[in-house]
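*Asks:* Heads up, the working numbering is the position in the sequence shown plus 295, with the first residue counted as 1.
The following block contains the structure, expressed as structure tokens.
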Amino acid sequence: MNIQMNFSFKNSFLIITKSVLFLAFLLFTSFHITISAQTVKDPDGSVELANQVKNLYKAGNWEAGKKLVDEGMKKYPKESDLKMLSGRYYHHQKQYDKARYELKKSLEWNAKNVDAKQILVNVEQESKRYSSAICYVNELLEVNPYWKGLWSRKIELYELQGNTVEANRLRKRLSHIYPKDSKVQEDYLYNTEMRANALRKEGKIDEAISLTSDLLKKQPENPSHYISLVNDHLKTGDYYSALAFAERGLMQFPGNISLINKKSGILADQKRYDELLPFLNEQMKYGNRGALQQQYNYYLLEAARTAKDKDPATLYGKIFESSPGNDEAFNYVFNDAVGNQQYEEAIAILNRYRRARGGSKNLSVKELMVYTRMGNTSRAEGLTKQLFAQYPGDTDLKAAYVKILNVEAKDLMAQHMYNEVIPVLELIKRYGDNESYKAAQNSLFTAYLELKDYNNALNVLNDIQQTEPNNPLLYLKKADLYYNLKRFDMALASYEQAFPQVSEEEKLKYLGGYGDMLTQIVKDLNDQYRYDEAMTYVERWLENDPNNQTALRYAINLSNQRKKMEDMKTYAQRGADAYPDEIFFKLKLMEVDGLDPEKHASIYSELQTELTENPYHQDAIKSFAVVSEKYGNQLIKNSQSQEALDVLNNALKYMPDNKDLKYTKGLAFEKLKRFDSAYVYQKNFQPSLLELKEFREHMNYLRYKSFRNEIGLYHLRSRFADIDVLTTISTLEYSRYGIKDTYIGRINYTGRESGKGFQIQGEWQRNWDEKTRTKIDLAWANQFFPTLAANASVFRDLAILNGIEAELGVGYRKLYQGGNLMNVVVGATKLIDPWRLNLRVNNYMLDGQWLYNVSTNIRYYLTSPKNYLIAMGSVGSSPDVDLINYQLHNGFSVTNSMVGAGFSHLLTSSVSTGILGTWNHYKSDQNTFRSLYNIYMNLNVSF
């Protein structure tokens, strides 16, 4: 039985391995043929003719189709498909001989014509030539071994042939091949159950038990199988096994009334009331208390009645006490003691009988049996030696003993009592013949394997291998043991030792198992982030199987994880060379090249071309999305946001729900100052908990900027350090934002001792393109402010210092206290996230005198351009431009300096505020310096 189990395991392993490899080959071949079919034309027109015939057949126009076939055969006399279509016509007409002839001719010209074979199966079945039909099914299964419909057809043919044995064997085999296919399993289980019922009716109970045991393994959750096994064992008189299955069923289904009744009946029949009554009492807690209490009362009464009767064991015991040489009394009391596992008592009874009647070979065998069951190995071995010493030529004694051990070992293995079976198997090895020895070795290996005692299993396998050194399957078993022992190098070495012993065809199967093992090893190491070790195993894998696609994929991904980009490119190139039609390797080559931003455009173009040819390839689509995102960000950074939108929109055609692409698209809209669209797309971003606050505030900023209108209230409070007098200026401002143009109107107001002053100012800003914008403003005032003021500036993004914004502007002011001031400003702004650095140089000409002011402005953005901290400073022979605009002092042609700091904060999605404080220091006369302190406050509301 164990040999058969091992042989079945080997066959299953080989079949599955062969099928997986063949299926992979078939898929690759089908893919290659499909691609070829897209490019190879129909040179002679035969394919088009065959398609016309098929369409006629499909439309039910059989005669017209047959006429077209006959005409085609004159032109293409060796065309397999036309012969097949001719055979199909005769099959439709039920002219089976003609159909068979035509279809066989079709196969003579093209042995791989699957359609011809399928029709031949129908022809042979309908003409009741089932053996021939089976042969054609077998040929089809060689091409597609996992075609379930063909397996079912083959089973049907065997049943029509009357070969139920082979049909049942195939059902069982199919259930092993498709263990997760519910339909296959249901068919197998139903058929097996029907066969078991039929065998019971025929009185073949042992065979029914075997089938029901198989059903139980498949459906351990079905209590009816336990009940059937109990009933079957009762029919055979095997009460011990019946009771065992009832108990196993109750462990699985506690409280099942049918199983309770079965166990109760068996125990009652054996008068084992001391076990029966506690059992019923225990089962009451699971339910059915009324019925079980009634049984309990009944059996309690029966137990009382039985106790009144004289126990036969007691009677025979009394006889044996008075006459220890009585054969009948000895046999009864001895067997009773052994049956009750009272082994010490059995030995005592046997010794008394030996003293009365003398020793014998039979008594020695009985004694050996008792010591073996006791587990007293040393005594059993000593007794065995003694028996062999007394009867050295008695082969019957030896054979009988080994037979007993074999039966006991078989029972223990069936009950999965592996620890108990091991000493029994060792005895069989010691005393059995060569066949028994080999069987015991195989069972011993299985027992250690089931116990997960891989070291002892390995020792046993080494012993087996000494007698079968050229059996490559043993190396595979050894590899599995080493794998379970986590000795991966030895496991792989065992596989590698088997390679030279097999043919090239078989080596492909072995390489499949070798690859499966390495796949698991590498996967486990990857899960532990042990990438260097995993790469070592992948390199070993590729040494033995250089073009293994899975190994190459692992090599590529591990090289990427280990930042070995050159290695990644090397392996990707190997994969592309070995599998030119496999897109994965092309994508990985592009991914490596994509690390260079300069190559984003070319890779984007290549992937776009690839998607044109394979628009539904998911890996290509994902890679295209990643590259499009990177390329889009690069374009945004280079102020090419419109081009970035085109790139991102193209990618979103393939992955419309990709949130990263949508978010990047939102960044492009933000750069284009289309804040409403930026808000819509950037809200797709899913921030982490740490990013959530910043994200929400940035979304508020986008929401704020998406409004077209804004009102600003500004207030300046200023005082000199040496005079306790406050000067204030208030400003009311309205802004209207368009797509390209912004219009601003503001009124500045101040009140001083000599009167009130106000200034009216208009400003126009325009974004000419993404890189260029301008600002122009004009102002008029009655007093305290420059009477006339005009400024114009142009801002341009330049590709220097990794991107800056340059400013060039001119201005004119007619000062309130007299004088004309003209200025030229040159500035530059640099963004280094999260910093914004600004430097401006103002050159003034005041009534022919040149003045200057150099100022810097540094912002630190917290969460958005409306939330920042600011620090500033300036120095020059002129005050900074704000003081000139407000004419708070006229410190021209003297040393001026200023420092300041403040913040801006976005309160809500429509309200922002800010405070800025500055200290201006300048020389008022030859020996005196003055300080001016300013506080700027603002509140802005957008709508």
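Cβ coordinates follow ideal geometry from the N, Cα and C atoms, glycine included.
Predicted model only: the values in this text are computed from it and were never measured.
Give the range of the alpha helix (DSSP H) segment to which I1042 is assigned.
*Replies:* It is not in any alpha helix (DSSP H) - I1042 instead sits in the beta strand (DSSP E) that spans 1036-1047.
*Asks:* Fully enclosed by the region 982-1035, which beta strand (DSSP E) runs are 3 residues long or longer?
*Replies:* For secondary structure counted as the beta strand (DSSP E) over 3 or more consecutive residues, the region 982-1035 holds these complete runs in sequence order: 1004-1015, 1021-1032.
*Asks:* I'd like to know whether the C-beta atoms of E763 and L771 end up nearer to each other than 8 Å.
*Replies:* With contacts defined by Cβ atoms closer than 8 Å, E763 and L771 do not form a contacting pair.
*Asks:* Secondary structure at K336, three-state DSSP: helix, strand or coil?
*Replies:* The pLDDT assigned to K336 is 47, lower than 50, so where the model puts this residue is not dependable; a value taken from the coordinates is nonetheless given after this. Coil.
*Asks:* On the premise that I552 lies in contact with N583, defined as a C-beta separation below 8 Å, what is that separation, rounded to the nearest angstrom?
*Replies:* 5 Å
*Asks:* Nearest by alpha-carbon distance to L884: which of E1028, R650, R848 is it?
*Replies:* R848
*Asks:* Considering only the beta carbon of each residue, do L524 and L511 sit closer than 8 Å?
*Replies:* yes
*Asks:* Just reading off the alpha helix (DSSP H) that R395 is part of, what are its end residues?
*Replies:* 391-404
*Asks:* Please go through the same chain and pick out, in chain order, the residues whose beta-carbon is closer than 6 Å to the beta-carbon of L1073, but skip the five residues on each side of it.
*Replies:* G1057, A1085
*Asks:* Are the CB atoms of K966 and I931 nearer to each other than 8 Å?
*Replies:* yes
*Asks:* Which class does S265 belong to by DSSP, given the choice of helix, strand or coil?
*Replies:* Outside the shown range of the chain (296 to 1238) lies residue 265, about which nothing can therefore be said.
*Asks:* Would you tell me roughly how many angstroms separate the C-alpha atoms of A462 and D758, rounded to the nearest one?
*Replies:* When only Cα atoms are considered, A462 and D758 end up about 39 Å apart.
*Asks:* Taking DSSP's pairing of strands, which residues face I1241 in a bridge?
*Replies:* Outside the shown range of the chain (296 to 1238) lies residue 1241, about which nothing can therefore be said.
*Asks:* On a Cα-Cα basis, can you pick out the residue from S936, E938, K948 that is closest to A920?
*Replies:* K948
*Asks:* Check the C-beta distance from V755 over to Y726 and give it rounded, since I have them as a contact under 8 Å.
*Replies:* Not a contact, Cβ separation roughly 18 Å.
*Asks:* With distance defined between alpha-carbon atoms, name the residue in P1160, R1154, G1122, S1172 nearest to W1145.
*Replies:* Selection P1160, R1154, G1122, S1172 evaluated against W1145 yields S1172 as nearest (Cα-Cα).
*Asks:* Between V660 and I644, which are expected to be in contact by the criterion C-beta below 8 Å, what is the C-beta distance as a whole number of angstroms?
*Replies:* So it is not a contact: roughly 15 Å between Cβ atoms.
*Asks:* Between the alpha carbons of I1230 and Y1032, how many angstroms are there, rounded?
*Replies:* A direct Cα-Cα distance of roughly 28 Å separates I1230 from Y1032.
*Asks:* List the whole-angstrom C-beta distance separating N1233 from L1008, where the pair is believed to meet the contact cut-off of C-beta under 8 Å.
*Replies:* 7 Å
*Asks:* Is it the case that the Cβ atoms of L1027 and Y1181 are separated by a distance below 8 Å?
*Replies:* No, Cβ-Cβ distance for L1027 and Y1181 is not below 8 Å.
*Asks:* Go through its chain and collect everything with a Cβ distance to L344's Cβ below 6 Å, but skip five positions before and after it.
*Replies:* G367
*Asks:* Expressed to the nearest angstrom, what Euclidean distance is found between the alpha-carbon atoms of G634 and L803?
*Replies:* 55 Å
*Asks:* Relative to the C-alpha of V1149, which residue among L571, L744, G1122, Y648 is closest?
*Replies:* G1122
*Asks:* Rounding to the nearest angstrom, what Cα-Cα distance links I717 and N751 in this structure?
*Replies:* Their Cα atoms are separated by approximately 11 Å.
*Asks:* In this structure, how does DSSP classify F1224 when only helix, strand and coil are distinguished?
*Replies:* strand
*Asks:* Unbroken alpha helix (DSSP H) runs of length 4 or more, entirely within the region 509-585: which are they?
*Replies:* 518-531, 534-547, 552-564, 568-578
*Asks:* Would you mind sorting A709 into buried or exposed? The rule is 16 or more other CB atoms within 10 Å of its CB.
*Replies:* exposed
*Asks:* Rank A586, Y809, S559 by C-alpha distance to the C-alpha of P573 and give the top, closest one.
*Replies:* Closest by alpha carbon: S559.
*Asks:* List the residues that DSSP assigns as beta-bridge partners of E1058.
*Replies:* I1039, D1072
*Asks:* Spatial neighbours of I1055 within its chain, please: C-beta separation below 7 Å, excluding the five flanking residues on both sides.
*Replies:* I1042, A1074, W1075
*Asks:* Are the C-beta atoms of N1235 and some chain B residue less than 8 Å apart?
*Replies:* Note that chain B does not occur in the displayed structure, where there is just one protein chain.
*Asks:* Would a C-beta distance cut-off of 8 Å place L1227 and F1198 closer than the cut-off?
*Replies:* no
*Asks:* Decide if I330 is buried, meaning its Cβ has at least 16 other Cβ atoms within 10 Å, or exposed.
*Replies:* At I330 the pLDDT is 34, less than 50, meaning the model places this residue with poor confidence; the figure from the coordinates comes in the next sentence. By the neighbour-count rule (16 or more Cβ atoms within 10 Å), I330 is not buried but exposed.
*Asks:* What does S1169 pair with, by DSSP beta-bridge criteria?
*Replies:* In the DSSP secondary-structure assignment, S1169 is bridged to S1150, M1193.
*Asks:* May I ask you to report which of helix, strand or coil DSSP gives W1214?
*Replies:* W1214: strand per DSSP, three-state reduction.
*Asks:* Taking 8 Å as the threshold (C-beta atoms), are W442 and L435 in contact?
*Replies:* Taking 8 Å as the cut-off, the Cβ atoms of L435 and W442 count as close.
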